[in-house]
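Heads up, the sequence shown is in this note's numbering, so the first residue is 1491 and it goes up one at a time. Just so it is clear, CB atoms sit at the ideal spot from N, CA and C, and this is done for glycine as well. Predicted, not measured: the structure shown is a model, and the values here were computed from it. Note sheet for the following structure.
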Amino acid sequence: MTTSRTAFRAFRPALALAPLSLLSAAVLSAQSGKPVTDEATVQATAKAIQAKVLSLDTHVDISPANFTESGPNYATKLPRTQVDLTKMEEGGLAGAFLVVYVGQAATLDEASFAKANAQAIEKFEAIHRLTEKIAPTRAEIAYTAADARRIHASGKRVIFIGVENAFPIGSDITNVKKFYDLGGRYMSLAHNGHSQLSDSNTGERDGVWLHNGLSPLGKQVIVEMNRVGMMVDVSHPSKASMMQTVALSKAPIIGSHSGVRAICNHSRNMDDEQIDAMKKNGGVIQLVAFNSYVKCDPKRDVPREQARAAATEQLRKEFGITATSRQEQQAQIQALPNDKRNDYLAKQEDITARRYPSDPPATVKDFVDHIDYVVKRIGINHVGISSDFDGGGGVDGWRNASETVNVTAELVRRGYTQAEIDKIWGGNLLRVLEQVEKVAGKK
């Protein structure tokens, strides 16, 4: 028995110890659609459901440094990542889209495109190395929805590949097919900054737009993605870009990691018009457990963050901390004499804890509020889950993949049935992928 199969069944021994009457009550309560208030029942039901459903987190960032054959790597329990195979196994997370992300360059020229393309290929190669050389008995790349179900049934972790920001395809549309052949099964046309293909949501900050939605090349890329069978992701592009994508795409689209703007008014979240458009398109919104997209108040938070940053910058100048990267700043702080270092840390704590304190972090309950909102507005068939782990994601109760069952437990508390939870955790996303495959003529 492989390590993954042992972990896949990790929840079952605990259930075997529970009284039969408790398990029966748990199943009945979950399937009744009524809120479950008995916590023992909640936990037993959540563990049983987690062990069965094909749970997919659709957005996990990676660093190629964690995918070396010599290790330590993703096959081990890494101390500084929110996701690795061990944490997935411990939390009952069946699979994840590991993300090929390259940040937006300031210039849209061939040199920048070439550099970004090389960085993207490095991440594709890292993911293949994990599944083909480092841990082939524990994880496997899925290229189709059918692959995902087969891999899950085998007890391995299901690894999909997503592409965040199509900037690395440059001006060469043939790169869409190349990324697809490497395993890319969704791609967004922009990130934080306007690309050669699409405007970004970040245009809301200053009202400056490059294309007023999609560029002519961006429209061609969407047609090509439909042709090859790659899902179009609209989580980072602007609202205008998204609405144009809905009108243009012949296949359903996804928001791989987005929130609800009616709950948290952030440009990265979708407003009601966008949410309604997702239903008409037949797509799915993968609600994101990123603290600042789950719970926010821009009128209060932005001025406070600006004041905190200004005070911190002044503190660094006072103590001669000149580095710009966080790692180098910490090194300079540690190099201060003991009395000065203690003085610096005390003043830093005064800034962050007393003068400009952060609000209590968002919780799993706050996160599931976003799921509830979309379910009530457009139905159970258009909702999914994403974490944005290792890219800033995480809420209290779901800080890393090992705590995944806590999300399922909150869904159980609110009365979601096993069939509904199965849809939310991955069924809806796989349905969209199957429809994309059909449009591409691959089914």
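Checking the sheet assignment: what are the DSSP bridge partners for residue i?
i, result
"Pro-1901", "Here residue 1901 is Leu; the residue named in the question, Pro, does not match the sequence. Looking at the DSSP assignment, Leu-1901 forms no beta bridge with any residue, so it has no partner."
"Leu-1588", "Val-1550, Ile-1651"
"Val-1885", "Trp-1888"
"Pro-1727", "Ser-1690"
"Thr-1853", "Asp-1886"
"Phe-1879", "Val-1550"
"Met-1721", "Tyr-1676"
"His-1681", "Gly-1683"
Thinking just about the alpha-carbon of each residue, which of the options is nearest to the one in residue i?
i, options, result
"Val-1926", "Ser-1739, Asp-1766, Asp-1787", "Ser-1739"
"Ile-1791", "His-1756, Gln-1764, Leu-1575", "Going by the sequence as given, residue 1791 is Asp instead of Ile. Considering only alpha carbons, the answer is His-1756."
"Ile-1765", "Gly-1869, Leu-1598, Leu-1920, Ser-1602", "Gly-1869"
"Phe-1780", "Gln-1822, Trp-1888, Asp-1723", "Trp-1888"
"Leu-1805", "Asn-1556, Gln-1838, Arg-1628, Pro-1626", "Gln-1838"
"Glu-1694", "Ala-1730, Leu-1679, Ala-1596, Leu-1544", "Ala-1730"
"Ser-1690", "Ser-1725, Val-1711, Gly-1581, Ile-1659", "Ser-1725"
"Gly-1917", "Lys-1524, Glu-1529, Ala-1534, Ser-1545", "Ser-1545"
"Ser-1876", "Val-1778, Pro-1851, Ala-1825, Lys-1928", "Val-1778"
"Glu-1579", "Leu-1679, Val-1648, Ala-1767", "Val-1648"
"His-1642", "Val-1858, Lys-1928, Leu-1920", "Leu-1920"
"Glu-1924", "Glu-1795, Arg-1794, Val-1774", "Val-1774"
"Thr-1621", "Gly-1585, Asn-1607, Gln-1824, Glu-1808", "Gly-1585"
"Lys-1542", "Gln-1594, Ser-1560, Val-1922, Lys-1913", "Lys-1913"
"Val-1590", "Glu-1910, Ala-1930, Ile-1911, Asp-1878", "Asp-1878"
"Asn-1936", "Asp-1856, Lys-1646, Ala-1741", "Given a span of 1491 to 1933 for the chain in the structure shown, any question on residue 1936 remains unanswerable."
"Ala-1656", "Lys-1577, Ala-1625, Ile-1611, Val-1698", "Ile-1611"
"Lys-1646", "Gln-1686, Arg-1628, Thr-1566", "Arg-1628"
"Tyr-1676", "Phe-1809, Pro-1850, Asn-1682, Ile-1712", "Ile-1712"
"Asn-1682", "Gly-1593, Asp-1528, Ser-1560, Ile-1811", "Gly-1593"
Go through its chain and collect everything with a Cβ distance to residue i's Cβ below 6 Å, but skip five positions before and after it.
i, result
"Val-1532", "Val-1526, Ala-1899, Val-1902, Arg-1903"
"Arg-1499", "Unreliable positioning characterises Arg-1499 in this predicted model, as indicated by a pLDDT of 33, which lies under 50. A coordinate reading is not provided."
"Ser-1511", "Confidence in Ser-1511 is poor, its pLDDT being 36 and thus under 50, which makes the residue's placement unreliable; the coordinate value appears in the next sentence. Once the five neighbours on either side are set aside, Ser-1511 has no close Cβ partner at all."
"Met-1768", "Ile-1775, His-1872"
"Ser-1688", "Leu-1679, Ala-1680, Leu-1704, Gly-1708, Pro-1727, Ser-1731"
"Glu-1910", "Ile-1870"
"Ser-1685", "Phe-1657"
Could you give the residue range of the alpha helix (DSSP H) that holds residue i?
i, result
"Thr-1576", "1575-1581"
"His-1747", "Careful: His-1747 lies outside any alpha helix (DSSP H), inside the beta strand (DSSP E) at 1744-1748."
"Met-1715", "1706-1718"
"Ile-1875", "That residue, Ile-1875, is in no alpha helix (DSSP H); its beta strand (DSSP E) goes 1873-1876."
"Asp-1671", "1664-1671"
"Phe-1614", "1600-1619"
"Ala-1462", "Only positions 1491 to 1933 of the chain appear in the structure, and residue 1462 is not among them; the question remains open."
"Lys-1830", "1828-1839"
"Ser-1782", "1781-1784"
"Thr-1531", "1529-1542"
Spatial neighbours of residue i within its chain, please: CB distance less than 8 Å, with the 5 preceding and 5 following residues excluded, ordered by chain position.
i, result
"Arg-1798", "Ile-1841, Thr-1842, Arg-1845, Tyr-1846"
"Gly-1673", "Phe-1614, Ile-1617, His-1618, Ile-1631, Tyr-1633, Phe-1650, Ile-1651"
"Asp-1880", "Val-1550, Asp-1551, Ile-1552, Ser-1553, Thr-1571, Gln-1572, Val-1573"
"Ala-1821", "Ala-1813"
"Gln-1734", "Gly-1703, Leu-1704, Lys-1709"
"Leu-1507", "Annotation note: pLDDT 33 at Leu-1507 (below 50); position unreliable, no value reported."
"Ala-1752", "Asp-1761, Asp-1762, Tyr-1863"
"Val-1858", "Val-1897, Glu-1900, Leu-1901, Arg-1904"
"Ala-1604", "Gly-1660"
"Asp-1856", "Val-1784, Lys-1785, Val-1885"
"Ala-1801", "Ile-1841, Arg-1845, Tyr-1846"
"Thr-1493", "Confidence at Thr-1493 is low in this model, with a pLDDT of 35, below 50, so its placement is unreliable and no value can be given for it."
Where do the ends of the beta strand (DSSP E) carrying residue i lie?
i, result
"Ala-1629", "1629-1631"
"Ile-1775", "1774-1778"
"Met-1768", "Where Met-1768 is concerned, there is no enclosing beta strand (DSSP E), although the alpha helix (DSSP H) it sits in stretches over 1762-1771."
"Gly-1916", "That residue, Gly-1916, is in no beta strand (DSSP E); it is neither H nor E in DSSP."
"Arg-1675", "1674-1678"
Could you name the residues of the same chain whose beta carbon sits closer than 7 Å to that of residue i, not counting the 5 residues immediately before and after it, in chain order?
i, result
"Gly-1581", "Ala-1891, Ser-1892, Glu-1893, Thr-1894, Val-1895"
"Thr-1853", "Val-1885, Asp-1886, Gly-1887"
"Lys-1524", "Gly-1905"
"Leu-1568", "Asn-1556, Pro-1562, Asp-1574"
"Leu-1583", "Ser-1545, Asp-1547, Ala-1891, Thr-1894"
"Ala-1536", "Val-1895, Thr-1898, Ala-1899, Val-1902"
"Ser-1514", "With a pLDDT of 39 at Ser-1514, under the threshold of 50, the modelled position of this residue cannot be trusted, and the question is left open."
For the ligand ZN, I want to know if residue i counts as a neighbour, meaning its beta carbon is within less than 7 Å of at least one of the ligand's heavy atoms.
i, result
"Leu-1620", "The model on display carries no ligand, and the ligand ZN is accordingly not part of it."
Exercise for the section: Tell me, please, whether the stretch 1705-1715 touches the stretch 1628-1638 by the rule of three or more beta-carbon pairs shorter than 8 Å. Expected result: The stretch 1705-1715 is not in contact with the stretch 1628-1638.
Practice task
Examine the Cβ distances between the stretch 1770-1789 and the stretch 1745-1752 and report whether three or more of them are shorter than 8 Å.
Solution key: yes
Practice task
Would you check if there are 3 or more beta carbon pairs closer than 8 Å linking the stretch 1827-1834 to the stretch 1855-1863?
Solution key: no
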